[in-house]
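Accompanying notes for the structure given below.
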Ligand SMILES: Nc1ncnc2c1ncn2[C@@H]1O[C@H](COP(=O)(O)OP(=O)(O)O)[C@@H](O)[C@H]1O
Ligand SMILES: [Mg+2]
């Protein structure tokens, strides 16, 4: 047998033994694994949520209503004619006229400035058209907006996208927060696993001592603990995936009703294959890292000096 | 095989366990370290296995100056030495077989070769029939013999034993010593610490006596220990 094969065998054995050892204390270890799972699920779940919201906001972008404010000199009849005219253009779905009177009434009702406006005497608002693009007419909307803006009768073309932009920047910010949460919880996983491994080292002090006395190197003594950590991280990641899909399952039917309400084909999207692999890899790595920290700190004792 | 040159060991507590011990043990020898409890017998053996480091003087083992062996190299150094402990240091959650196999598992041996050697070692101490038992089911004398099997399983040239008969009655003690003599006859160098002078008077072996941290007597016990 080659040295390399022997080495691989040894690792494989440690790998299985570590699993065996975890199974020996199912309750305590399962609790640890669930804690790790929750700690991994939280940042991942937040990321999934933000991804879904980004997707919604993107789908909204394509077909947005916009408002055209007309010149003050335009009277209601011309405004109406203009509305009918615009309605005939390609890419336009609906055009609704909001007369200056209606606008003022709305404003008085919702702004809370009702009485202040009364003192103005004259209505400062122009007629406005709310234009909804036709379905599937995404590309020529900005074209249309430009044309409308160039017309003599119009004063200002305003996209109602400010709130989408705002949502976007909030999502952007949320992603940053998720990054921070990811780092914090990753650190938490390292600490939890490190502590678990520390306890295991304490429990197996005799075995460690004897192994060192018969010539087991530090690497040899450490290896089973590293594999324990690896298993904890791996199992925790699996639990995290279960938690995330469980929550998505619970949310999918309310999400569908919301989507129906808005006549959108939106559907909740879970982590894809690559993201799932990344989560498992991350959990496994963090488990290994936690065990490495614990063994480095606690395995030196059996040596002289 | 073992050479101490003016070796001193002062523990961090300030207690000086050895102060200028010198002796030499040839390859193939079997020798006893005697001395009252607290004389420094265990300390001396610990210096040989690098469980402790001397605070002065030189310890040579198998022509290696132990002060030159770095922490990282200690495990490989220890693989040349079989150690028998007074308290056996057996792992109670493993079978007798697995306990004895421990020194072989850290090396690169095929599992078939491991089984063969473990069985041979257990056979030599007369415990082959207990290979699947837990050490807890064995008597103290049997446990001590499992510890001895573990010390010799990797066929070291040097075996050190710290009070291997400490808890045994005279009959069992003599049996254990006879076992060591058999190892010695096949060329193993042995250094055994004991305070049981009566026991070693029955054996034809060299005796090193520790007194106030030095080796004060170095004689053949063939003369029943009453002459220098
Ligand atoms: N780790 C230690 N720290 C401090 N003092 C120690 C330590 N080990 C042994 N001693 C002291 O060194 C002396 C020699 O101890 P030891 O070598 O165990 O003697 P023996 O084995 O002959 O009974 C004793 O006084 C003991 O208290
Ligand atoms: Mg002692």
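Protein chains in written order, with our numbering: chain A, 1 to 305; chain B, 1001 to 1228.
No residue lacks a Cβ here, since even glycine has one placed at the ideal position from N, Cα and C.
Boundaries (first-last residue) of the alpha helix (DSSP H) holding residue i
i: residue 154 of chain A; result: It is not in any alpha helix (DSSP H) - residue 154 of chain A instead sits in the beta strand (DSSP E) that spans 154-159.
i: residue 1147 of chain B; result: 1140-1152
i: residue 287 of chain A; result: 273-298
i: residue 1099 of chain B; result: 1096-1105
i: residue 1181 of chain B; result: 1170-1185
i: residue 1197 of chain B; result: 1197-1201
i: residue 958 of chain B; result: There is simply no residue 958 of chain B to check, as chain B begins at 1001 and stops at 1228 in what is shown.
i: residue 1114 of chain B; result: 1111-1124
i: residue 25 of chain A; result: Taken as a continuous stretch (DSSP letters only), residue 25 of chain A belongs to no alpha helix (DSSP H), as it is neither H nor E.
i: residue 207 of chain A; result: 205-213
i: residue 1043 of chain B; result: 1041-1048
i: residue 87 of chain A; result: 76-87
i: residue 1077 of chain B; result: 1074-1078
Rounded straight-line distance, which links the Cα of residue j to that of residue i
i: residue 1190 of chain B; j: residue 1002 of chain B; result: 10 Å
i: residue 1133 of chain B; j: residue 1084 of chain B; result: 20 Å
i: residue 273 of chain A; j: residue 41 of chain A; result: 16 Å
i: residue 47 of chain A; j: residue 37 of chain A; result: 15 Å
i: residue 104 of chain A; j: residue 144 of chain A; result: 27 Å
i: residue 128 of chain A; j: residue 176 of chain A; result: 39 Å
i: residue 20 of chain A; j: residue 193 of chain A; result: 17 Å
i: residue 166 of chain A; j: residue 159 of chain A; result: 13 Å
i: residue 1159 of chain B; j: residue 1078 of chain B; result: 11 Å
i: residue 201 of chain A; j: residue 299 of chain A; result: 8 Å
i: residue 1214 of chain B; j: residue 1193 of chain B; result: 14 Å
i: residue 77 of chain A; j: residue 88 of chain A; result: 17 Å
i: residue 120 of chain A; j: residue 84 of chain A; result: 32 Å
i: residue 296 of chain A; j: residue 1071 of chain B; result: 14 Å
i: residue 1037 of chain B; j: residue 1080 of chain B; result: 28 Å
i: residue 147 of chain A; j: residue 82 of chain A; result: 13 Å
i: residue 1147 of chain B; j: residue 1141 of chain B; result: 10 Å
i: residue 1226 of chain B; j: residue 1181 of chain B; result: Low confidence applies to residue 1226 of chain B: its pLDDT is 41, below 50, so where it sits in the model is not reliable enough to give any reading.
i: residue 149 of chain A; j: residue 80 of chain A; result: 17 Å
i: residue 51 of chain A; j: residue 285 of chain A; result: 24 Å
i: residue 1039 of chain B; j: residue 1211 of chain B; result: 6 Å
i: residue 1051 of chain B; j: residue 289 of chain A; result: 29 Å
i: residue 86 of chain A; j: residue 111 of chain A; result: 30 Å
i: residue 7 of chain A; j: residue 1105 of chain B; result: 11 Å
i: residue 1216 of chain B; j: residue 1020 of chain B; result: 11 Å
Which residues DSSP lists as bridging residue i, in chain order
i: residue 1190 of chain B; result: B:1030 and B:1159
i: residue 1009 of chain B; result: B:1018
i: residue 67 of chain A; result: A:130 and A:158
i: residue 1064 of chain B; result: B:1061
i: residue 1084 of chain B; result: B:1161
i: residue 1004 of chain B; result: B:1023 and B:1059
i: residue 1214 of chain B; result: B:1211
Span of the beta strand (DSSP E) around residue i
i: residue 258 of chain A; result: Run containing residue 258 of chain A: none in the beta strand (DSSP E); it sits in the alpha helix (DSSP H), 218-261.
i: residue 98 of chain A; result: 92-98
Chain-order list of residues whose beta-carbon lies under 7 Å from that of residue i (same chain, five-residue window excluded)
i: residue 54 of chain A; result: 171
i: residue 1025 of chain B; result: 1001, 1002, 1031, 1189 and 1191
i: residue 1150 of chain B; result: 1099, 1100, 1102 and 1103
i: residue 221 of chain A; result: 208, 211, 212 and 299
i: residue 26 of chain A; result: none
i: residue 1156 of chain B; result: 1080, 1081 and 1082
i: residue 270 of chain A; result: 48, 244, 245 and 248
i: residue 66 of chain A; result: 131, 145, 157, 158, 159 and 160
Chain-order list of residues whose beta-carbon lies under 6 Å from that of residue i (same chain, five-residue window excluded)
i: residue 304 of chain A; result: Annotation note: pLDDT 48 at residue 304 of chain A (below 50); position unreliable, coordinate value reported separately. Cβ within range, chain order: n/a, list empty.
i: residue 32 of chain A; result: 196
Cut-off 8 Å between Cβ atoms - residues of its own chain near residue i, not counting five sequence neighbours on either side
i: residue 1221 of chain B; result: Because residue 1221 of chain B carries a pLDDT of 47, less than 50, the predicted location of this residue cannot be relied on, and the following value inherits that uncertainty. The residues are 1032, 1200, 1201, 1203, 1204, 1205, 1206 and 1207.
i: residue 125 of chain A; result: 100, 103, 104 and 107
i: residue 1092 of chain B; result: 1134, 1135 and 1136
i: residue 1016 of chain B; result: 1008, 1009, 1010 and 1213
inquiry  = Assess contact between the stretch 241-250 of chain A and the stretch 203-220 of chain A, defined as three or more Cβ pairs (one per stretch) separated by less than 8 Å. Is contact present?
reply    = No, they do not touch.
- Query: How do the stretch 1096-1113 of chain B and the stretch 1160-1177 of chain B stand: do at least 3 beta-carbon pairs fall below 8 Å, yes or no?
  - Reply: Contact between the stretch 1096-1113 of chain B and the stretch 1160-1177 of chain B is absent: fewer than 3 CB-CB pairs across the two stretches fall below 8 Å.
Query - Sufficient close CB pairs (3 or more, under 8 Å) joining the stretch 12-21 of chain A to the stretch 222-236 of chain A - result: Touching, yes, given that three or more Cβ pairs across the two stretches are closer than 8 Å.
_Given 8 Å, three or more beta-carbon pairs between the stretch 179-198 of chain A and the stretch 71-79 of chain A_ = Verdict: no, contact absent.
*Mind the definition here: the stretch 235-243 of chain A touches the stretch 26-37 of chain A only if three or more C-beta pairs lie below 8 Å; say whether that holds.*
Yes: at least three Cβ pairs fall under 8 Å.
Kindly confirm or deny that the stretch 115-132 of chain A and the stretch 91-106 of chain A touch, where touching means at least three C-beta pairs closer than 8 Å.
-> Three or more pairs of CB atoms, one per stretch, sit closer than 8 Å, so the stretch 115-132 of chain A contacts the stretch 91-106 of chain A.
**Item:** Three CB pairs or more closer than 8 Å across the stretch 1177-1187 of chain B and the stretch 1114-1122 of chain B
**Value:** The stretch 1177-1187 of chain B is not in contact with the stretch 1114-1122 of chain B.
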